[in-house]
Amino acid sequence: MFFAKKMVLKYGNIMNSQVSNRMDKQAKIYVAGHRGLVGSAIVRALEKEGYTNLLTVTRQEVDLLEQRAVADFFANEKPDYVFLAAAKVGGILANSTDPADFIYENLMIETNIIHNAWRNKVQKLLFLGSSCIYPQMAEQPIKEESLLTGPLEPTNDAYAIAKIAGIKLCQAYNQQYGTKYISVMPTNLYGPNDNFNLQTSHVLPALIRKFHEAKVSQAPFVTIWGTGTPVREFLYVDDLADACVYLMNHYEDSKIINIGTGVGITIRELATTIKEVTGYQGDICFDLSKPDGTPVKINDVTYINSLGWTAKTNVHIGIQATYEWFCQNYKNGVLV
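For any residue, its number in our numbering is found by taking its place in the sequence shown, counting from 1, and adding 436.
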């Protein structure tokens with residue numbers, strides 16, 4: 437049997453973390469969520485590296501919320517590797533408004549895919565988590581060991597709990613069945629194919645759209661919540677994809693891995709950079725009646741750096757590339 441020959445990996449055993457068995461260029465690789473921000477970047481990274489047998493399906497073809505549909509898909513296609521980037525995602529407003537949807541849909545997607553990966557002997561799976569899994573008041577920069585050491589941020593705890601369940605599911609299958617399922621925790625992401633909807637997006641793409649529309653309408657100012665002093669970390673999505681492919685080829689431990697730049701930027705500095713990139717000529721105003729949130733949130737990336745990977749794209753270059761994509765795809769108030 438396939439799994440009978442596999443050694444169960446001990447959690448946190450760094451001696452076993454680096455491996456040499458790379459994905460074959462002709463291996464069948466399933467990228468779940470290939471149309472989203474992360475999934476599309478993983479597809480680009482794999483194609484760039486010469487992988488030629490990529491498997492992608494739309495929600496209309498396979499609804500990942502449906503157990504039978506996912507089971508049939510895996511039984512028929514038999515992928516060798518899986519990148520689990522499919523998820524229901526959104527900003528603070530979306531998470532606060534629809535917590536039931538966020539916990540239910542993410543639990544169903546990850547449970548269906550991880551279980552059927554095991555049933556069909558997938559060689560390796562990479563699960564995309566999020567830095568929001570960590571406690572609201574975790575020590576900064578946030579280490580992987582901070583997981584489950586304190587209360588979560590209330591505004592997105594439903595999403596975070598679903599992602600924590602996915603991590604634990606991967607670790608449980610590794611422990612019980614000797615699988616090679618790895619989990620990565622990226623920091624705040626941005627880039628091509630991002631969500632620019634002002635009601636559901638995260639801060640960076642929302643600011644890109646705000647400044648662009650203010651430039652077009654010649655608005656005298658752009659209003660931003662809070663004082664502008666909170667520090668956040670932003671990772672260009674193609675760097676994340678590069679890290680995911682790297683780890684799929686070099687890592688097989690159950691210990692979760694942070695992915696990020698390890699460098700913070702204040703919201704004020706972020707807004708100033710986006711104003712410069714978009715060419716907006718008006719003023720920036722801060723609404724002090726709105727909350728700032730956590731003062732600092734940065735991933736500790738010591739572990740992934742020790743494995744031989746570091747981020748390459750600085751935030752100014754990443755924002756320029758993202759804004760170029762936005763301008764090419766944003767027409768008459770909608771993305772096309």
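C-beta atoms are modelled at their ideal positions from N, C-alpha and C, and glycine is treated no differently.
Notebook entry, point to check: Between residue 618 and residue 508, what straight-line distance do the alpha-carbon atoms span, to the nearest angstrom?
Noted result: As a first step, residue 618 must be located in the sequence shown, where it is residue number 182. As a first step, residue 508 must be located in the sequence shown, where it is residue number 72. Taking the straight line from one Cα to the other gives about 24 angstroms.
Next item on the list: Buried or exposed for residue 674, please, with buried defined as at least 16 other CB atoms from any protein chain shown within 10 angstroms of its CB.
Entry: Mapped onto the sequence shown, residue 674 falls at position 238. Buried, since its Cβ has 16 or more Cβ neighbours within 10 Å.
Checklist line | Anticipated Cβ contact below 8 angstroms, residue 677 with residue 477, distance rounded | finding: On the sequence shown, position 241 is the one that residue 677 refers to. On the sequence shown, position 41 is the one that residue 477 refers to. Between residue 477 and residue 677 the Cβ distance is about 4 angstroms, and since that is below 8 angstroms, they are a contact.
Note to self: Check this for me: beta carbons of residue 583 and residue 570, under 8 angstroms apart or not?
What the structure shows: One-based indexing of the sequence shown puts residue 583 at position 147. One-based indexing of the sequence shown puts residue 570 at position 134. Cβ atoms of residue 583 and residue 570: closer than 8 angstroms.
Check: Quick one: what's residue 668 bridged to in DSSP?
Finding: Residue numbering aside, residue 668 sits at position 232 when the sequence shown is read from its first letter. Partner(s): 701 and 733.
Next item on the list: Closer than 7 angstroms by C-beta to residue 651: which residues in its own chain qualify, once you throw out the five before and the five after it? Chain order, please.
Entry: Reading the sequence shown from its first residue, position 215 is the one you call residue 651. Contacts found: 714, 715 and 716.
Next item on the list: For residue 657, name the three-state secondary structure that DSSP assigns.
Entry: Against the sequence shown, residue 657 aligns to sequence position 221. Three-state DSSP puts residue 657 in a strand.
Checklist line | Residue range of the beta strand (DSSP E) that includes residue 622 | finding: The residue you call residue 622 lines up with position 186 of the sequence shown. Where residue 622 is concerned, the enclosing beta strand (DSSP E) stretches over 617 to 622.
Next item on the list: Give every residue of the same chain whose Cβ lies closer than 7 angstroms to the Cβ of residue 759, excluding the five residues on either side of it in the sequence, and list them in chain order.
Entry: Translated into the one-based positions of the sequence shown, residue 759 becomes position 323. The answer, listed in chain order, is 644, 713 and 714.
Margin query: Can you tell me whether residue 741 is buried or exposed? The criterion is at least 16 other CB atoms within 10 Å of its CB, across all chains shown.
Written below: Along the sequence shown, one-based indexing puts residue 741 at 305. Counting Cβ neighbours within 10 Å, residue 741 comes out exposed, since fewer than 16 surround it.
Next item on the list: Can you grab the Cα-Cα spacing for the pair residue 534 / residue 638, in whole Å?
Entry: Within the sequence shown, the letter at position 98 stands for residue 534. Within the sequence shown, the letter at position 202 stands for residue 638. The straight-line gap from Cα to Cα measures roughly 15 angstroms.
Next item on the list: Spatial neighbours of residue 587 within its chain, please: CB distance less than 7 angstroms, with the 5 preceding and 5 following residues excluded, ordered by chain position.
Entry: By one-based count along the sequence shown, residue 587 stands at place 151. If we look at residue 587 and ignore the five residues flanking it on each side, its Cβ neighbours are 571 and 572.
Item checked: Pick from 657, 654 and 745 that is closest to residue 696, judged by C-alpha positions -> Position 260 of the sequence shown holds residue 696. With distances taken between Cα atoms, residue 696 lies closest to 745.
Next item on the list: Pick out the complete alpha helix (DSSP H) segments inside the region 512 to 566, 4 residues or longer, and give them in chain order.
Entry: 528 to 533 and 535 to 555
Next item on the list: On a CA-only basis, which of 748, 473 and 469 is nearest residue 632? Give me that one, please.
Entry: In the sequence shown, residue 632 corresponds to position 196, counting from 1. Ranking the options by Cα distance to residue 632, first place goes to 473.
Next item on the list: Compute the Euclidean distance between the alpha carbons of residue 735 and residue 764, then round it to the nearest angstrom.
Entry: As a first step, residue 735 is located in the sequence shown; it is residue number 299 there, counting from the start. As a first step, residue 764 is located in the sequence shown; it is residue number 328 there, counting from the start. Straight-line Cα distance between these residues: approximately 32 angstroms.
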